[in-house]
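Participant: Start counting the sequence shown at 1; every next residue gets the next number (our numbering). Ideal Cβ placement from N, Cα and C applies to all residues, glycine included.
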Amino acid sequence: MSWGTELWDQFDNLEKHTQWGIDILEKYIKFVKERTDIELSYAKQLRNLSKKYQPKKNSKEEEEYKYTACKAFLSTLNEMNDYAGQHEVISENMTSQITVDLMRYVQELKQERKSNFHDGRKAQQHIETCWKQLESSKRRFERDCKEADRAQQYFEKMDADINVTKADVEKARQQAQLRHQMAEDSKAEYSSILQRFNQEQWEYYHTHIPNIFQKIQEMEERRIVRIGESMKTYAEVDRQVIPIIGKCLDGIVKAAESIDQKNDSQLVVEAYKSGFEPPGDIEFEDYTQPMKRTVSENSLSSSKEGKPELKFGGKSRGKLWPFIKKNKSPKQQKEPLSHRFNEFMTSKPKIHCFRSLKRGLSLKLGATPEDFSNLPPEQRRKKLQQKVDDLNKEIQKETDQRDAITKMKDVYLKNPQMGDPASLDHKLAEVTQNIERLRLETQKFEAWLAEVEGRLPARSEQARRQSGMYDGQTHQTVTNCAQDRESSPDGSYTEEQSQESELKVLATDFDDEFDDEEPLPAIGTCKALYTFEGQNEGTISVVEGEMLSVIEEDKGDGWTRIRRNEDEEGYVPTSYVEVYLDKNAKGAKTYI
Numbered sequence: 001m002s003w004g005t006e007l008w009d010q011f012d013n014l015e016k017h018t019q020w021g022i023d024i025l026e027k028y029i030k031f032v033k034e035r036t037d038i039e040l041s042y043a044k045q046l047r048n049l050s051k052k053y054q055p056k057k058n059s060k061e062e063e064e065y066k067y068t069a070c071k072a073f074l075s076t077l078n079e080m081n082d083y084a085g086q087h088e089v090i091s092e093n094m095t096s097q098i099t100v101d102l103m104r105y106v107q108e109l110k111q112e113r114k115s116n117f118h119d120g121r122k123a124q125q126h127i128e129t130c131w132k133q134l135e136s137s138k139r140r141f142e143r144d145c146k147e148a149d150r151a152q153q154y155f156e157k158m159d160a161d162i163n164v165t166k167a168d169v170e171k172a173r174q175q176a177q178l179r180h181q182m183a184e185d186s187k188a189e190y191s192s193i194l195q196r197f198n199q200e201q202w203e204y205y206h207t208h209i210p211n212i213f214q215k216i217q218e219m220e221e222r223r224i225v226r227i228g229e230s231m232k233t234y235a236e237v238d239r240q241v242i243p244i245i246g247k248c249l250d251g252i253v254k255a256a257e258s259i260d261q262k263n264d265s266q267l268v269v270e271a272y273k274s275g276f277e278p279p280g281d282i283e284f285e286d287y288t289q290p291m292k293r294t295v296s297e298n299s300l301s302s303s304k305e306g307k308p309e310l311k312f313g314g315k316s317r318g319k320l321w322p323f324i325k326k327n328k329s330p331k332q333q334k335e336p337l338s339h340r341f342n343e344f345m346t347s348k349p350k351i352h353c354f355r356s357l358k359r360g361l362s363l364k365l366g367a368t369p370e371d372f373s374n375l376p377p378e379q380r381r382k383k384l385q386q387k388v389d390d391l392n393k394e395i396q397k398e399t400d401q402r403d404a405i406t407k408m409k410d411v412y413l414k415n416p417q418m419g420d421p422a423s424l425d426h427k428l429a430e431v432t433q434n435i436e437r438l439r440l441e442t443q444k445f446e447a448w449l450a451e452v453e454g455r456l457p458a459r460s461e462q463a464r465r466q467s468g469m470y471d472g473q474t475h476q477t478v479t480n481c482a483q484d485r486e487s488s489p490d491g492s493y494t495e496e497q498s499q500e501s502e503l504k505v506l507a508t509d510f511d512d513e514f515d516d517e518e519p520l521p522a523i524g525t526c527k528a529l530y531t532f533e534g535q536n537e538g539t540i541s542v543v544e545g546e547m548l549s550v551i552e553e554d555k556g557d558g559w560t561r562i563r564r565n566e567d568e569e570g571y572v573p574t575s576y577v578e579v580y581l582d583k584n585a586k587g588a589k590t591y592i
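Right under this line is the structure:
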C-alpha cells in the first residue's frame, strides 16, 4: 500500500489530512499541558490544606497534639504534603518528557510537511506549464493548417481566373507555399512538444508524485507512532510515582493504627484529675424536732470575755488597723501637693543646651563650617570621611577622563587626518587643573580627619559593642542636646523640644520628692569619652577619661544620669560617655 500509487490524484485531500494530523498532535499537547497545570494546582491546594491545619507554634493547639489521635492527624498532614510533592513530580515529568518534546517535534513536522508539499506544488506547476506549452503549440499548428488551406484555395481560385495577371497568380502560389511550410513547421513543433509532455507526465505520475506522497506517508506514520509513544510516557509518568504515593498512604494507615484510645483516655485523666475524694453520703435532717440554737449564751459571753472590746474613739483608734506599717524614720515635713503641682505647671522651661541653639541659628544662616567643627568628634569624623571618599571618587573620574584625552591625543598624533592634537591641550590642561584642585582639597580634609582621629580614643571591642547600644540615640543626639538636629531639617533647636525635655526632668524631680531619701543604687559604670562642661542646671561636668557611676540609663532623651563620689550627681549626654552596665543590677537592661 502506497499513497503514491493509490492516491496519485488526491494531493489536496492529503494536504488537508496531514494538517488535521498536526492539529490532533497540538490538541494532545494542550491536553497534557492542562493536566500538568491541574497537577500543580492540586499540589498547591494540598500543601495549603496541610499548612492550614498544622498546629500553630506556642499555642494551645500544640498541647492538644500529645494525644495519639492528634499525632496521627499530624502525620496525615505531613504525608499529604509528601503526596502533593508527587503530583508536582508528575507535572514536571510530563512537561519535560512529553510537552517540551512534542512541541519541538511539531515544529519539525510542520517544516517537513511544508517542504514536501512545496515540492509537490512545484511538480504540479511544472506539468501544468508543459500542458500549456502543448496546448499553445497545438493551437498554433491548427491555425497554420487552416491558413495553408485558405492560401491554397485562394491560389487555385486565382489560377482559374483568366482576368488575373500572371504576376498575381505567382504571388498567390508563393503565399500558398509559405503557408504550407509554416504548417509543416508547426506540425513538427507540436509533435516534439507532445512527446516531451508525455514524458514529463509519465515521470510526474510515476516518479515525482509517488516519491513525494511516500515521504508524506512516512511523515504521517511517524507522527502517529510519536503520539502513541507519548501516550505510553503519559501512563509511565503516573506509574512511576505510584510506589511513593503508596508509601504516603501506608504512612497514613500506620499513623491511624498507632491511635491508642486507652492512652488518650489516660492522658485525659492526667490532664484533668483533681485528686479530691468523692463526697460522702448526706445525712438525714429531721425537721420534725424543734431546731436548736448552735451558739448558746454562755459561749457568747465567754467569747466576749476572751477578747478586749473594740472602741472607736480616743487612742484606741490606732489599734483598728494592725496591718498598716508605721514609718520608723522621722517624717520630714513636705510642702502640700497642690503647691508642688502649681510650681511644676508654672515653671519656665529651661534650655539644657545653649550651644545647640547657637548651632541651629548658624545653620539657618548658612554658616556651616567647612571642617564640620560644629559637630561632635564622632559625627565630624564620619562627615569628613564621607567628604574624603567623595573627593577620591571625583579624582578617579577626572583621572579617567584625562587618560582618555591623552589616548585620543596620541591617536591624533599618529593619524593627523583624524583630528588636531592641539585642540585637546586646553581640555587636558583643564582636567589636570581640576585633579590638582581636588587633590589639594582631599589633603585638606584628610588633615582634618587625621586631627579628629588623633583626638578620638581607641575603643576596645567590648566598648564598641556596648556603645553600639546607643547608635540609634547618638544619631539623634549629635550635639549635647538630645534630638536638637533630628527635630528640624536644618538642625535648629526648637522651644517645644526644650519644653518636652524640661517637663521630663521636672516630672522626674517631682516623683523623686516623694520617694525615700535613700540614694539611687549604681547600675553600672561609665567612662567619659570627651570633656563636657555642665553649665546648665541638672548637668554635671566630666573630664575625658574619667570613670563615674551610672545611676540611671538613657530614657530615650539622649541623657544619662551619673554620680561622682556619693554627693555629686547629674546628667551628661549619652554620646559623651561609654557605659558599662552591671547585668545583676536592679533595673539594668541586658544588651546582646
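Can you round the beta-carbon distance between residue 155 and residue 183 to whole angstroms, since I take them to be within the 8 angstroms contact cut?
Facilitator: The residue labelled residue 155 in the question sits at position 155 within the sequence shown. The residue labelled residue 183 in the question sits at position 183 within the sequence shown. Contact flag wrong, Cβ pair sits at about 14 angstroms.
Participant: Assuming residue 246 is part of the alpha helix (DSSP H), what are its boundary residues?
Facilitator: Position 246 of the sequence shown, counted from the first residue, corresponds to residue 246. Taken as a continuous stretch (DSSP letters only), the alpha helix (DSSP H) holding residue 246 covers 209-257.
Participant: When you compare each of 63, 36 and 78 to residue 98 by their alpha carbons, which one comes out closest?
Facilitator: Here residue 98 corresponds to residue number 98 of the sequence shown, with the count starting at 1. Nearest option by C-alpha distance: 36.
Participant: Take residue 15 as the anchor and find which of 196, 243, 219 and 435 has the nearest alpha-carbon.
Facilitator: The residue given as residue 15 occupies position 15 in the sequence shown. When each option's Cα is compared against that of residue 15, the closest is 219.
Participant: To which residues does DSSP link residue 527 through a beta bridge?
Facilitator: On the sequence shown, residue 527 is found 527 positions in, with the first residue counted as 1. Looking at the DSSP assignment, residue 527 forms a beta bridge with 547 and 578.
Participant: Using 8 angstroms as the threshold, is the segment 231-240 in touch with the segment 72-79, meaning 3 or more CB pairs across them?
Facilitator: With a cut-off of 8 angstroms, the segment 72-79 and the segment 231-240 do not count as touching, because too few Cβ pairs lie within range.
Participant: Return the first residue and the last residue of the alpha helix (DSSP H) that residue 83 is part of.
Facilitator: As a working note, residue 83 is residue 83 in the sequence shown. Segment 68-94, the alpha helix (DSSP H) holding residue 83.
Participant: Output yes or no for whether 8 angstroms exceeds the beta carbon distance between residue 593 and residue 212.
Facilitator: The chain is shown from 1 up to 592; residue 593 falls before or after that span and cannot be answered.
Participant: Please classify residue 578: is it buried, with 16 or more other beta-carbons within 10 angstroms of its beta-carbon, or exposed?
Facilitator: Counting from one through the sequence shown, the residue named residue 578 turns up at place 578. The residue is buried, with at least 16 neighbouring Cβ atoms inside 10 Å.
Participant: Take every Cβ of the segment 419-436, pair it with every Cβ of the segment 385-401, and state whether three or more of those distances are shorter than 8 angstroms.
Facilitator: Yes, the segment 419-436 is in contact with the segment 385-401.
Participant: Nearest by alpha-carbon distance to residue 557: which of 200, 247 and 571 is it?
Facilitator: Position 557 of the sequence shown, counted from the start, is the residue given in the question as residue 557. Out of 200, 247 and 571, 571 has the C-alpha closest to the C-alpha of residue 557.
Participant: At which residues does the beta strand (DSSP E) containing residue 569 begin and terminate?
Facilitator: For the purposes of this step, residue 569 is taken as the residue at position 569 of the sequence shown. Here the beta strand (DSSP E) through residue 569 covers 568-573.
Participant: Assuming residue 562 and residue 569 form a contact by the criterion Cβ under 8 angstroms, report the distance between their Cβ atoms to the nearest whole angstrom.
Facilitator: As a working note, residue 562 is residue 562 in the sequence shown. As a working note, residue 569 is residue 569 in the sequence shown. Confirmed, about 7 angstroms.
Participant: Return the CA-CA distance between residue 282 and residue 70, expressed in angstroms with no decimal places.
Facilitator: Within the sequence shown, residue 282 is the residue found at index 282, counting from 1. Within the sequence shown, residue 70 is the residue found at index 70, counting from 1. Those two C-alpha atoms are separated by around 42 angstroms.
Participant: Residue 540 by DSSP, collapsed to three states: which one?
Facilitator: Looking up residue 540 in the sequence shown gives position 540. The answer is coil: DSSP assigns residue 540 none of H, G, I, E or B.
Participant: Kindly indicate the opening and closing residues of the beta strand (DSSP E) around residue 560.
Facilitator: Start at 1 with the first residue of the sequence shown, and residue 560 comes out as number 560. Note, residue 560: beta strand (DSSP E), 559-564.
Participant: List the residues that DSSP assigns as beta-bridge partners of residue 552.
Facilitator: For the purposes of this step, residue 552 is taken as the residue at position 552 of the sequence shown. For residue 552, which the question treats as bridged, DSSP gives the partners 561.
Participant: From the DSSP output, read off the bridge partner residues of residue 532.
Facilitator: Within the sequence shown, the letter at position 532 stands for residue 532. Partner(s): 542.
Participant: In chain order, what residues of the same chain have a beta carbon less than 6 angstroms from the beta carbon of residue 112, not counting five sequence neighbours either side?
Facilitator: On the sequence shown, position 112 is the one that residue 112 refers to. The answer, listed in chain order, is 219.
Participant: Touching or not, the segment 86-103 and the segment 259-268, by the rule of three or more beta carbon pairs under 8 angstroms?
Facilitator: Not touching, per the Cβ criterion.
Participant: I'd like to know if the segment 124-133 and the segment 182-197 are in contact, where contact means that at least 3 CB-CB pairs between them fall below 8 angstroms.
Facilitator: Verdict: yes, contact present.
Participant: Give the single residue among 537, 536, 369 and 529 whose Cα lies nearest to the Cα of residue 548.
Facilitator: Numbered from 1 along the sequence shown, position 548 holds the residue referred to as residue 548. The candidate whose alpha carbon is nearest that of residue 548 is 529.
Participant: On a CA-only basis, which of 223, 147 and 162 is nearest residue 29? Give me that one, please.
Facilitator: In the sequence shown, residue 29 corresponds to position 29, counting from 1. Checking every option, the nearest Cα to that of residue 29 belongs to 223.
Participant: Name the residue from 193, 252 and 277 whose alpha carbon lies nearest to the alpha carbon of residue 134.
Facilitator: What you label residue 134 is simply residue 134 of the sequence shown in a count that begins at 1. The shortest Cα separation from residue 134 among 193, 252 and 277 belongs to 193.
Participant: Taking DSSP as the reference, what is the three-state secondary structure of residue 326?
Facilitator: Residue 326 sits at position 326 when you count from the first residue of the sequence shown. With a pLDDT of only 38 at residue 326, under 50, the local geometry of the prediction cannot be trusted, and no value is derived from it.
Participant: With a CB to CB cut of under 6 angstroms and the five nearest residues on each side skipped, what residues in its chain are close to residue 387?
Facilitator: Residue numbering aside, residue 387 sits at position 387 when the sequence shown is read from its first letter. If we look at residue 387 and ignore the five residues flanking it on each side, its Cβ neighbours are 445.
Participant: Within 10 angstroms of the Cβ of residue 24, are there 16 or more other Cβ atoms? Answer buried if so, exposed if not.
Facilitator: Here residue 24 is taken as the residue at index 24 of the sequence shown, counted from 1. Exposed.
Participant: So is residue 560 buried or exposed if we call it buried at 16+ other beta carbons inside 10 Å?
Facilitator: Here residue 560 corresponds to residue number 560 of the sequence shown, with the count starting at 1. It counts as buried.
Participant: So, at 7 angstroms on beta carbons, what are the nonlocal neighbours of residue 105 in its own chain, with the 5 sequence-adjacent residues on each side left out?
Facilitator: Taking the sequence shown and counting its residues from 1, one reaches residue 105 at position 105. If we look at residue 105 and ignore the five residues flanking it on each side, its Cβ neighbours are 226.
Participant: Return the residue from the list 144, 279, 94 and 402 that minimises the CA-CA distance to residue 240.
Facilitator: Position 240 of the sequence shown, counting from 1, holds the residue named residue 240. Closest by alpha carbon: 94.
Participant: Pull up the distance between the alpha-carbon of residue 580 and that of residue 449, whole angstroms please.
Facilitator: Your numbering for residue 580 matches position 580 in the sequence shown. Your numbering for residue 449 matches position 449 in the sequence shown. Taking the straight line from one Cα to the other gives about 28 angstroms.
Participant: Tell me whether the beta-carbon of residue 544 lies closer than 8 angstroms to the beta-carbon of residue 525.
Facilitator: Looking up residue 544 in the sequence shown gives position 544. Looking up residue 525 in the sequence shown gives position 525. Cβ distance not < 8 angstroms, so residue 544 and residue 525 don't count as in contact.
Participant: Alpha carbon to alpha carbon, how far is residue 252 from residue 66? Give it in angstroms, no decimals.
Facilitator: As a working mapping, residue 66 is identified with position 66 in the sequence shown. As a working mapping, residue 252 is identified with position 252 in the sequence shown. Approximately 18 angstroms, taken between the alpha carbons.
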